[in-house]
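All the letters of the sequence shown, read from the start, carry residue numbers 16 to 355 under this note's numbering. Just so you know, even glycine gets a beta-carbon here, dropped at the ideal spot from N, CA and C. From a predicted model like this one, the values you see are computed outputs, not experimental measurements. What follows is a short report on a single structure.
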Amino acid sequence: MSTGPNPGVLPVTRMAKIGLWGASGSGKTTYLASLYVAVTQSQGRWNIVGVDQESVDFLTEKTDALTLERRFPKKTEGIQNLSWTVMGTTEQTVTKGWRKRVETVPLHFQLDMIDAAGGLFKGTTEDDTDGDDIDIDFDDAKNESGGDAEQLIDQLADCDGIIYLYDPLRENRNGDEFRHFQWALQNIVFRAARNGTIDGMHLPHYLAVCITKLDDPKVFHTAYKRGYLVPEPSDPFLFPRVREDKVEALFRELGNLSPTRGAVMVHDAIRASFHESRVRYFATSAIGFYVGQSATRFRAANFQNVVPHPNQRDEFTIRGDIHPINVLEPLLWLGRMTNR
Ligand SMILES: Nc1nc2c(ncn2[C@@H]2O[C@H](COP(=O)(O)OP(=O)(O)O)[C@@H](O)[C@H]2O)c(=O)[nH]1
Ligand SMILES: [Mg+2]
């Protein structure tokens, strides 16, 4: 964690640390797998490289699964500590004496993730065995899984920026998103208070909240019916995006549609613990929308890129090429904000 704003003193290439966080099934592994595609679609402006062999292999294997094999990455097993460097440039106003000018400066930052199976953070009383639900009790998790949960929290608390993935659909099914969020948040606040990095009543971190799976019909139609979707003019296929000023409202409204209202509680907890100016909401899709091979643009009548597996029940496959939506953007926003 950097020690507060330090404009003009830190070198521009100081590596900010960004952590990835989200409940099991929220789409973390798929998000990372699509990141490489998002980077290559940035037309040479950005690049990403693993800091060790495990992270290099992770990215190549998962990217192949999504693009060549057109399947989702397998469920995460055990615990993996992964780390990449994202490299590119950004524009920055430089003051020399009384003169100001805009310069292109390198922007490098580190993206860290603990990719852990949901079951690792389970408490002791659960009777389901599918490893998908998270029932977290910090003390249990610490005792049962050799401090993996503690490691996750330490790592998040130590970051400058956090990407938090929230899946509104999973929340509808299980209603445990708030528990997962609340558990981690309480523990991060506890560490920050102990280390004296709480600023007033807020955490020092920047937070990018990402609604995942925008391409799913339920999420897509909720945004569509409310008039929140606009075509992105710079996009060759004119894929829709959620209007920037409406993403936070969509987050809350998706919460109101769920019986457990998890997103509403998560939203309230974010407002209580983070500076308003340090939080931004994004509506993302790792897979993106479908476009037929001969089609030249997005069609609302035929957009689904995730289809049921022909042979395996409850499995899904990817129909066409993937077009990640707002996958790189949260990362770059955090990279810029934490680079000041
Ligand atoms: N429609 C859609 N489904 C997704 C997307 N990303 C992930 N999923 C689904 O969510 C499941 C869980 O994703 P995964 O990345 O394994 O979640 P993790 O446990 O947080 O790593 C996948 O198997 C997919 O079925 C997306 O962008 N769109
Ligand atoms: Mg995973």
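Span of the alpha helix (DSSP H), counted from its first residue to its last, around residue i
{"i": "G78", "result": "Looking at the sequence shown, residue 78 is not Gly but Thr. Note, T78: alpha helix (DSSP H), 68–82."}
{"i": "G277", "result": "277–288"}
{"i": "R256", "result": "Element bounds for R256: not the alpha helix (DSSP H) but the beta strand (DSSP E), 255–257."}
{"i": "N271", "result": "262–272"}
Cutoff 6 Å; reference residue i; Cβ partners in own chain excluding five residues on either side
{"i": "A172", "result": "I203, R206"}
{"i": "M280", "result": "F193"}
Reference residue i; option with closest CA among the options
{"i": "V322", "options": "R295, G303, R312, I340", "result": "G303"}
{"i": "N341", "options": "I333, N210, A301, T332", "result": "A301"}
{"i": "A316", "options": "D230, D182, T100, P274", "result": "D230"}
{"i": "L126", "options": "H290, P339, M30, D329", "result": "M30"}
{"i": "A48", "options": "I337, D283, G34", "result": "I337"}
{"i": "F313", "options": "E92, R256, I129, G103", "result": "R256"}
{"i": "Y46", "options": "L347, Q201, T353, T78", "result": "T78"}
{"i": "I168", "options": "R185, D191, D72, I129", "result": "I129"}
{"i": "Q95", "options": "L349, L347, Q56, Q170", "result": "Q170"}
{"i": "S41", "options": "V306, E84, F196, F318", "result": "F196"}
{"i": "K233", "options": "L272, W99, L81", "result": "L272"}
{"i": "N354", "options": "E106, G242, D214, D182", "result": "E106"}
{"i": "S309", "options": "G65, T104, F252, G37", "result": "F252"}
{"i": "Q327", "options": "R86, K32, I33, W61", "result": "R86"}
{"i": "V120", "options": "W113, G112, K111, M102", "result": "M102"}
Residue i beta carbon near ligand 1 (any heavy atom closer than 7 Å)
{"i": "T237", "result": "no"}
{"i": "F318", "result": "no"}
{"i": "V377", "result": "Absent from the structure is residue 377, since the part of the chain shown begins at 16 and ends at 355."}
Minimum Cβ-Cβ distance from residue i to chain D less than 8 Å
{"i": "Y305", "result": "The structure shown contains no chain D, having only a single protein chain."}
Same chain only: Cβ atoms within 8 Å of residue i, ignoring 5 sequence neighbours per side
{"i": "P345", "result": "I178, A223, C225, R295, F297, T299"}
{"i": "K115", "result": "T108, V109"}
{"i": "D329", "result": "none"}
{"i": "S98", "result": "G65, V66, D67, S70, Q125, L126, D127, M128"}
Reduced DSSP category for residue i - H, G, I as helix; E, B as strand; rest coil
{"i": "M128", "result": "strand"}
{"i": "R185", "result": "helix"}
{"i": "A48", "result": "helix"}
{"i": "E141", "result": "The pLDDT assigned to E141 is 36, lower than 50, so where the model puts this residue is not dependable; a value taken from the coordinates is nonetheless given after this. Reduced to three states, the DSSP call for E141 is coil."}
{"i": "H195", "result": "helix"}
{"i": "E291", "result": "helix"}
{"i": "N62", "result": "strand"}
{"i": "K228", "result": "coil"}
{"i": "F205", "result": "helix"}
{"i": "I33", "result": "strand"}
{"i": "P345", "result": "helix"}
{"i": "G42", "result": "coil"}
Residue i, enclosing beta strand (DSSP E) - first and last residue
{"i": "K240", "result": "Premise fails: K240 lies in the alpha helix (DSSP H), 232–240, not in any beta strand (DSSP E)."}
{"i": "Q95", "result": "94–111"}
{"i": "I168", "result": "I168 -> not in any beta strand (DSSP E); alpha helix (DSSP H) instead, spanning 163–172."}
Same chain only: Cβ atoms within 7 Å of residue i, ignoring 5 sequence neighbours per side
{"i": "Q68", "result": "none"}
Heavy atom of ligand 2 within 7 Å of residue i beta-carbon
{"i": "D130", "result": "yes"}
{"i": "K43", "result": "yes"}
{"i": "T299", "result": "no"}
{"i": "T227", "result": "no"}
{"i": "T78", "result": "no"}
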